Amino acid sequence: MDSFRLITTYSPWLILACLAAGALYAWLLYSKRTPWSAGINYTLAAVRFVVVSFLCFLLLGPLVRYVKNSTQAPTIVFAVDNSESVELFSDSVQLRQAQQGLQGLRDKLQEQGIQTEVRVLGASDAPQNLSDLQYEAQSTNLSELLRNVQLDFEQQNLAGVVLLSDGIVNQGTSPTYSNYNYIIYPVAVGDTVPKKDIVMASLRYNKVNYSGNRFPLEAEVQQQGFDGTTVTVQLKENKKVIDRKTITLRAGQPLQQVPFQVMAGGLGKRHYEVEVLPQQGEFTELNNSRSAYIDVVKGKIKVLVAAASPHPDIKALRAAIESNENYETELFIPGLTTLKQQDYDVAVLHQLPGRTAGGDAALNLVRQKNLPALYIVGPQSDIGNFNRLNVGIRINTPGQSDEVTSVINPSFSTFKVAEEATERLQQYPPATVPYGDYQLTPNTETVLYQQVGRVRTNKPLLTVQTVGDRRNAALLASGTWQWRLTETATHENAAVYDKLITNLVQLLTAPRNKKRLNVYPQLNEYTSSDEIRFAAEAYNEALEPIYGQNITLKIQDTEGAEKSFEFANGENQSGVNIGTLPGGRYTYNASARINGSLQQDKGEFVVEEQQLEALHAVADHNLLYQLGANTGSRLYYPAQLQQLEQDILKAEHKDLIYSSESLNDLVDLKWLFFVILALVCGEWFVRKYNGSY
19 MDSFRLITTY
29 SPWLILACLA
39 AGALYAWLLY
49 SKRTPWSAGI
59 NYTLAAVRFV
69 VVSFLCFLLL
79 GPLVRYVKNS
89 TQAPTIVFAV
99 DNSESVELFS
109 DSVQLRQAQQ
119 GLQGLRDKLQ
129 EQGIQTEVRV
139 LGASDAPQNL
149 SDLQYEAQST
159 NLSELLRNVQ
169 LDFEQQNLAG
179 VVLLSDGIVN
189 QGTSPTYSNY
199 NYIIYPVAVG
209 DTVPKKDIVM
219 ASLRYNKVNY
229 SGNRFPLEAE
239 VQQQGFDGTT
249 VTVQLKENKK
259 VIDRKTITLR
269 AGQPLQQVPF
279 QVMAGGLGKR
289 HYEVEVLPQQ
299 GEFTELNNSR
309 SAYIDVVKGK
319 IKVLVAAASP
329 HPDIKALRAA
339 IESNENYETE
349 LFIPGLTTLK
359 QQDYDVAVLH
369 QLPGRTAGGD
379 AALNLVRQKN
389 LPALYIVGPQ
399 SDIGNFNRLN
409 VGIRINTPGQ
419 SDEVTSVINP
429 SFSTFKVAEE
439 ATERLQQYPP
449 ATVPYGDYQL
459 TPNTETVLYQ
469 QVGRVRTNKP
479 LLTVQTVGDR
489 RNAALLASGT
499 WQWRLTETAT
509 HENAAVYDKL
519 ITNLVQLLTA
529 PRNKKRLNVY
539 PQLNEYTSSD
549 EIRFAAEAYN
559 EALEPIYGQN
569 ITLKIQDTEG
579 AEKSFEFANG
589 ENQSGVNIGT
599 LPGGRYTYNA
609 SARINGSLQQ
619 DKGEFVVEEQ
629 QLEALHAVAD
639 HNLLYQLGAN
649 TGSRLYYPAQ
659 LQQLEQDILK
669 AEHKDLIYSS
679 ESLNDLVDLK
689 WLFFVILALV
699 CGEWFVRKYN
709 GSY
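When the letters of the sequence shown are read in order and numbered with this note's numbering, they come out as residues 19 to 711.
As structure tokens, this is what we get:
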């Protein structure tokens with residue numbers, strides 16, 4: 019029942035003073051002789067008494083306390099495990115009867131005044147009628163399902179959850195490890211009798227492999243009831259058998275490894291399938307195969323490290339570069355090692371060109387192969403010849419040197435510097451740089467500035483030049499081996515130094531992106547249950563981002579089936595959602611007209627088929643029993659739904675009364691202003707009408 023009361027911030031006895039003030043005001047105004055009748059006079063006096071008394075009462079700061087009560091009936095949620103395994107491995111007649119029985123139970127509970135709701139796995143919408151359930155979820159996460167129910171009904175009268183499931187969990191944690199503030203009534207379906215079956219349990223492999231190399235792919239075969247049987251396991255690429263092995267399923271060893279050595283040919287996404295040939299008497303063939311998607315990339319990036327003479331910097335540079343497993347270095351020092359004629363991807367030239375002879379071979383190789391290079395300047399560098407290389411910076415020096423530390427250029431954004439870089443760079447010891455003036459070409463960016471003592475200068479320490487599709491970098495510091503040594507000693511790793519060098523190498527080897535249309539999937543990997551989103555970037559002729567371009571995206575699978583999507587790129591939009599796709603390798607082609615010119619982009623991505631629901635055919639009713647016992651309930655079977663109804667009603671779940679209280683100043687009630695205004699205006703009108711003077 020709703021209620022309200024008035025509260026004053028001062029003593030209630032002051033109300034008598036308000037009434038006295040109103041009475042005195044009315045007596046002083048209407049005690050004199052008037053031209054109207056006595057009845058009108060008493061009425062006007064009463065109105066004046068009420069208005070003045072009420073205005074005085076408002077000075078006491080009265081508050082209105084309003085309490086509103088609402089009743090909420092108990093709610094029973096029907097949480098359904100709508101995963102594929104329930105339909106695959108349950109008796110279809112029993113499952114259909116369970117659905118109809120639960121819908122009947124729901125109707126009866128509603129007749130008793132109990133509210134009901136339906137929830138299913140994942141983000142899919144639950145049907146209003148339980149008889150219309152579709153078992154399409156490709157994974158089972160009961161813990162997430164029950165946790166979402168708890169969150170959705172946190173502020174409501176949640177009495178209990180009726181959980182229909184086979185107890186098989188293949189994602190998330192076991193729900194038995196969680197605490198729930200409601201009763202769970204588990205209804206068990208599925209078969210707990212082990213099936214005679216062979217399962218391709220898992221595949222183990224590296225998702226990225228180098229072209230031309232062999233990589234291991236290991237299959238794990240699980241079996242039940244086929245002890246001593248000889249089976250064939252075959253490896254397919256694009257549905258063509260490329261290898262096969264015969265194994266004997268051993269008793270007492272339900273899980274056996276089957277290794278393959280696969281040649282990574284070509285570049286891009288490759289689809290492999292490992293399959294156990296079906297055997298007579300198998301319960302199901304759905305779990306006999308699994309797919310592997312390999313990204314075959316070019317072999318390791320080869321980095322030529324050439325130096326005028328031995329120097330501690332060289333070891334630090336090689337260690338930093340090789341901290342990335344995708345890079346390998348080859349060392350050349352005149353007189354100590356021989357320059358190998360290989361297909362290098364990038365060069366690091368330490369104090370080359372130098373003042374001593376012998377380094378010309380490395381410089382000539384860089385010119386002939388048009389290699390991007392990182393030039394490191396030091397005391398042995400020939401500054402004149404260095405300036406003639408036109409690598410983006412020109413040094414004018416009287417031959418002197420300076421000791422400086424480094425500071426990051428905050429406006430440099432071509433690659434990300436490690437988060438802890440600012441702090442760690444301040445701890446680096448000074449490095450030797452040529453003293454003098456520096457001139458940068460317009461196509462050169464500064465990565466690091468020089469800092470002398472505590473004074474930051476605008477002199478560059480590390481620069482990157484971009485000329486067409488090629489880049490060069492220049493590091494004007496000698497003795498940076500101390501940077502890596504100091505960072506390792508202080509922080510037990512050289513993360514900032516290593517990341518800086520590897521980022522430079524990656525930037526130098528990466529071709530400059532001049533595409534004006536860039537369309538790409540937002541994730542590197544998708545599963546068949548994921549919604550796939552594409553993002554898009556468009557650029558004008560100055561390579562500045564532009565928005566609102568109409569983009570056509572075409573997706574094609576290996577069979578040639580194609581889907582087309584139309585969307586526009588926006589500054590704050592999340593791209594286009596193309597929904598879910600079956601497992602497989604897909605190619606895409608995107609096109610858009612930008613300022614009248616047709617721009618295109620293409621690529622490929624893979625969708626992994628999970629097949630989680632076909633792996634386990636044996637229901638886990640023990641898990642459901644524990645769930646019920648942990649929350650004060652028991653395990654029910656589809657034939658016991660009448661008993662379930664009785665137990666729910668016997669629990670006598672009560673309605674909950676929710677009270678909400680509000681406290682407001684009386685003076686804030688706008689309608690009171692209009693009431694007082696009406697009384698004052700009415701009094702004035704009556705006085706004027708009757709000849710007030």
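Glycine included, C-beta positions come from ideal geometry on N, C-alpha and C.
Since this is a predicted model, take the numbers as computed values, not measurements.
Just to confirm, are residue i and residue j a CB contact at a threshold of 8 Å?
i	j	result
S229	L285	yes
I202	T649	yes
R83	R124	no
A337	L370	no
V451	Q468	yes
Y345	K316	no
S101	Q121	no
E348	K358	yes
Y200	G185	no
G601	S546	yes
K287	V624	yes
G497	A439	no
I394	H368	yes
V167	V205	no
V68	L697	yes
T264	G246	no
N405	D455	no
Which residue comes first and which comes last in the beta strand (DSSP E) that contains residue i?
i	result
S547	It is not in any beta strand (DSSP E) - S547 carries neither H nor E in the DSSP assignment.
Q617	615 to 626
K263	258 to 266
N403	Unbroken run through N403 is the alpha helix (DSSP H), 401 to 406; no beta strand (DSSP E).
Q712	Residue 712 lies beyond the residue range present for the chain, which begins at 19 and ends at 711; the question has no answer from this structure.
L253	248 to 255
A608	602 to 612
F233	232 to 242
E291	286 to 294
Y195	Neither: Y195 is in no beta strand (DSSP E) and is coded neither H nor E.
F585	580 to 586
A177	176 to 183
P204	201 to 206
Take the Cβ of residue i as the centre, count every other Cβ of all protein chains shown within 10 Å, and call the residue buried at 16 or more, exposed below.
i	result
V217	buried
W501	buried
N568	exposed
G417	exposed
V435	buried
E679	exposed
S399	buried
N613	exposed
Give me the residue from the options with the minimum Cα distance to residue i.
i	options	result
E162	Y565, Q418, Y198, E505	Y198
P193	L221, N640, Y28	N640
V95	L151, W54, N175, G190	N175
T423	P478, Q359, F72, P277	P478
G566	I573, I401, L674, A553	A553
E670	V111, G131, L73	G131
N188	C699, V693, V636	V636
P233	V207, V594, I312, Y606	At residue 233 the sequence reads Phe, which differs from the Pro that was named. Comparing Cα positions, the closest option is I312.
V111	G208, L164, F67, I33	G208
L322	Y43, A310, L383	L383
L518	K581, L443, R489	L443
N558	K672, R534, E441	R534
Would you mind reading off the limits of the alpha helix (DSSP H) that contains residue i?
i	result
E701	688 to 707
R385	378 to 387
I332	330 to 339
H639	639 to 648
I426	Careful: I426 lies outside any alpha helix (DSSP H), inside the beta strand (DSSP E) at 419 to 426.
Q660	659 to 668
L443	439 to 443
- [ ] Please go through the stretch 49 to 124 and give each complete alpha helix (DSSP H) segment of 4 or more residues, from N-terminal end onward.
- [x] 56 to 76, 102 to 107
- [ ] Identify every run of the beta strand (DSSP E) within the stretch 118 to 174, keeping only runs that are complete inside it and at least 3 residues long; order them along the chain.
- [x] 133 to 138
TODO: Any chance you could list the alpha helix (DSSP H) runs of at least 4 consecutive residues sitting entirely within the stretch 484 to 528, in chain order?
DONE: 499 to 509, 513 to 527
Task: Segments assigned beta strand (DSSP E), at least 3 residues, entirely inside the stretch 349 to 381 - done: 364 to 368
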